Every structure is written in structure tokens, then in C-alpha cells.
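Chains as they are written, first to last, in this note's numbering: chain C, 4 to 117; chain A, 68 to 179.
Don't be surprised by glycine CBs; every beta carbon is placed ideally from N, CA and C.
Fair warning: this is a prediction, and the values are worked out from it, not measured in the lab.
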């Protein structure tokens with residue numbers, strides 16, 4: 004079984020530029036999560052999808068962050084414009100519906116904003 | 068509100084020595100508890116989990132953890148550490164929903 008796939012693995016951009024991250028969850032996993040992990044911290048949830056629906060986006064900074072999960076499979080997280088404080092690792096995770104307490108994580112995208 | 072505290076930011080042990088990583092939690096009921104490991108440039112890998120029942124749980128790579136309700140703790144242990152265990156370890160909890168709350172992590176260094 005393939006794991007959660009994320010791309011790119013690394014991204015360096017200048018502040019005020021846009022950036023997008025892509026995630027392909029484990030096949031059959033209906034629930035998808037985006038986390039942000041700042042240096043020296045544990046991951047923090049940004050948004051959770053159940054199929055196509057964003058059911059928890061309370062921690063997503065909506066002025067500059069957006070996410071979508073078309074067709075309930077792949078997902079894209081976008082930042083526009085990026086700020087220096089957005090430098091972090093962005094992790095995607097997925098789980099089966101009804102077993103959301105067992106989440107499987109991708110390798111993450113390390114974003115550096117200069 | 069739920070929270071997880073990992074009081075040790077860094078721990079160094081010699082290869083072959085025993086290991087215990089501390090985790091304390093705050094939650095109004097019995098939580099679901101997890102330990103994850105993160106190697107450099109990698110995502111988080113689940114080591115073990117506690118949902119209910121036996122308070123001593125076994126995980127992968129020879130790790131175990133013990134849930135102690137009276138101490139609100141879920142410490143991770145390994146009897147003999149290998150150099151490949153060097154990584155960052157995260158304790159996490161959920162109340163049964165989808166919100167995983169992580170601790171700040173413990174960086175483990177293994178001396179040869």
C-alpha cells in the first residue's frame with residue numbers, strides 16, 4: 004500500500020510570492036488533514052476534509068491560506084502571499100472514515116520564505 | 068482544552084542503554100494517546116497507541132509505553148537503544164474525534 008505522497012519536498016520562495024503544496028492520500032482514505040509544523044514544535048492542524056468537505060478549518064489563516072480537495076482525493080494547500088513567518092514544514096495526513104484517530108502522515112513540504 | 072507536555076527537549080543516551088521519554092497530558096476524560104517518531108526529512112511514523120484496556124502497550128521497533136491515569140502520563144520506553152533510534156519523538160492525544168494535539172517533541176541523540 005502506497006503511503007501519503009506530497010510534493011514538492013522543498014520550496015524556497017521570496018516573501019509576497021504565492022506557493023502551493025500538493026497531497027495525494029492513501030487510497031481509500033476519506034479524511035485528509037493539513038498540518039503546519041514550526042521549527043521545534045509539534046504539528047498543528049490547519050484544516051481537515053471529509054471527502055470534499057472542509058469540516059474543520061478553524062485554524063486556517065483564511066486571509067492568505069486556501070485549500071481545496073476536488074473529487075475527494077488529492078488536495079492542494081495554497082499560500083498567497085507568503086510571509087516570512089510561514090516558513091515551516093507542511094504535513095499532509097489521511098485516515099479512513101470512522102477511524103480518524105489513526106492518521107498516516109506524508110513526508111511533508113519544507114517551505115522557506117526569504 | 069486538551070494539551071500534551073513533553074518536558075525534555077533533548078535527551079542523549081548511549082547505545083545499548085535504556086530509554087524513557089516523558090509525556091504528560093491534560094484532558095477531561097480518558098484520551099486516546101499516541102507516540103510518533105520523526106526522522107530528519109521524514110513524516111511522522113506511528114510507534115504505538117493506547118485506546119483502552121491493558122495500560123502497557125507494545126509498539127514497533129521494540130518500543131512500549133505505559134498509560135498511568137493517576138499521573139496523567141504516557142511515557143515511552145525501550146530497554147536497549149540502537150543508534151538508528153536517533154530521531155524526534157512526539158506524544159499526541161485525541162479525545163476520540165479527529166483533533167490530534169501534539170507535544171513539542173523530544174530530540175533523542177544516541178552516542179556510540
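*Residues in its own chain within less than 6 Å of residue 55 of chain C by CB, not counting five upstream and five downstream?*
Numbered from 1 along the first chain, position 52 holds the residue referred to as residue 55 of chain C. Closer than 6 Å at Cβ, skipping near neighbours: 72, 75.
_chain C contact residues for residue 135 of chain A, given Cβ-Cβ distances below 7 Å_ = Walking along the second chain from the start, residue 135 of chain A turns up at place 68. Those within 7 Å of residue 135 of chain A in chain C number zero; the least Cβ separation is about 20 Å.
*Taking residue 98 of chain C and residue 34 of chain C to be in contact with their CB atoms under 8 Å, please state how far apart those CB atoms are, rounded to whole angstroms.*
Locating residue 98 of chain C in the first chain gives position 95, counting from the first residue. Locating residue 34 of chain C in the first chain gives position 31, counting from the first residue. At roughly 5 Å, the Cβ-Cβ gap stays under 8 Å, so residue 98 of chain C and residue 34 of chain C are in contact.
*With a cut-off of 7 Å, does the C-beta of residue 104 of chain C fall near any C-beta of chain A?*
The residue you call residue 104 of chain C lines up with position 101 of the first chain. Judged by the 7 Å Cβ criterion, residue 104 of chain C is in contact with chain A.
_Short CB-CB distance (under 7 Å) between residue 171 of chain A and chain C_ = As a first step, residue 171 of chain A must be located in the second chain, where it is residue number 104. Chain C contact via Cβ: present.
*Quick one: which chain C residues come within Cβ less than 7 Å of residue 157 of chain A?*
Translated into the one-based positions of the second chain, residue 157 of chain A becomes position 90. Neighbourhood of residue 157 of chain A in chain C, by CB distance below 7 Å: 45, in chain order.
_I'd like to check one pair, residue 103 of chain A with residue 115 of chain A: are the Cβ atoms closer than 7 Å?_
Within the second chain, numbered from 1, the residue matching residue 115 of chain A stands at position 48. Within the second chain, numbered from 1, the residue matching residue 103 of chain A stands at position 36. Their beta carbons are not under 7 Å apart, which means residue 115 of chain A does not touch residue 103 of chain A by this criterion.
*asked:* Measuring CB atoms only, is the region 86-94 of chain A touching the region 115-124 of chain A, in the sense that at least three cross pairs come out at less than 8 Å?
replied: No: fewer than three Cβ pairs fall under 8 Å.
*Put residue 59 of chain C into one of helix, strand or coil per three-state DSSP.*
By one-based count along the first chain, residue 59 of chain C stands at place 56. The DSSP-derived three-state label of residue 59 of chain C is strand.
*In terms of residues, what are the limits of the beta strand (DSSP E) holding residue 134 of chain A?*
On the second chain, residue 134 of chain A is found 67 positions in, with the first residue counted as 1. 131-135 is the span of the beta strand (DSSP E), which, as asked, contains residue 134 of chain A.
*Does residue 161 of chain A come within less than 7 Å of chain C when only Cβ atoms are used?*
For the purposes of this step, residue 161 of chain A is identified with residue 94 of the second chain, where counting begins at 1. At least one chain C Cβ lies under 7 Å of residue 161 of chain A.
*asked:* By alpha-carbon positions, which one of C:67, C:39, C:43, C:83 ends up nearest to residue 167 of chain A?
replied: As a working mapping, residue 167 of chain A is identified with position 100 in the second chain. Of the candidates C:67, C:39, C:43, C:83, the one whose C-alpha sits nearest the C-alpha of residue 167 of chain A is C:39.
_Going by the DSSP bridge assignment, what does residue 70 of chain A pair with across the sheet?_
Translated into positions along the second chain, residue 70 of chain A becomes position 3. In the DSSP output, where bridge partners are listed per residue, residue 70 of chain A has A:93.
*Comparing alpha-carbon positions, which option in C:6, C:18, C:32 lies nearest residue 83 of chain C?*
Reading the first chain from its first residue, position 80 is the one you call residue 83 of chain C. For the residues C:6, C:18, C:32, the minimum Cα distance to residue 83 of chain C belongs to C:18.
*Short check: CB of residue 11 of chain C to CB of residue 112 of chain C, under 7 Å?*
Working through the first chain from its first residue, we reach residue 11 of chain C at position 8. Working through the first chain from its first residue, we reach residue 112 of chain C at position 109. Their beta carbons are under 7 Å apart, which means residue 11 of chain C touches residue 112 of chain C by this criterion.
*Between the Cα of residue 110 of chain C and the Cα atoms of A:98, A:72, A:82, A:107, which residue gives the shortest distance?*
Taking the first chain and counting its residues from 1, the one referred to as residue 110 of chain C is at position 107. Comparing Cα positions, the closest option is A:107.
*Would you list the residues sitting across from residue 68 of chain C in a DSSP beta bridge?*
Stepping through the first chain from its first residue, residue 68 of chain C is reached at position 65. BP columns for residue 68 of chain C point to C:82.
_Near-chain A residues of the region 46-71 of chain C - C-beta to any C-beta below 9 Å_ = For the region 46-71 of chain C, the beta-carbon criterion of a distance under 9 Å to any beta-carbon of chain A is satisfied by 46, 47, 48, 51, 53, 58, 59.
_Contact list for the region 95-108 of chain A against chain C, Cβ threshold 9 Å_ = Listed by position along the chain: 99, 101, 103, 105, 108.
*Just curious, the beta strand (DSSP E) that residue 33 of chain C is in, first and last residue?*
By 1-based counting over the first chain, the position of residue 33 of chain C is 30. Run containing residue 33 of chain C: none; DSSP gives neither H nor E here.
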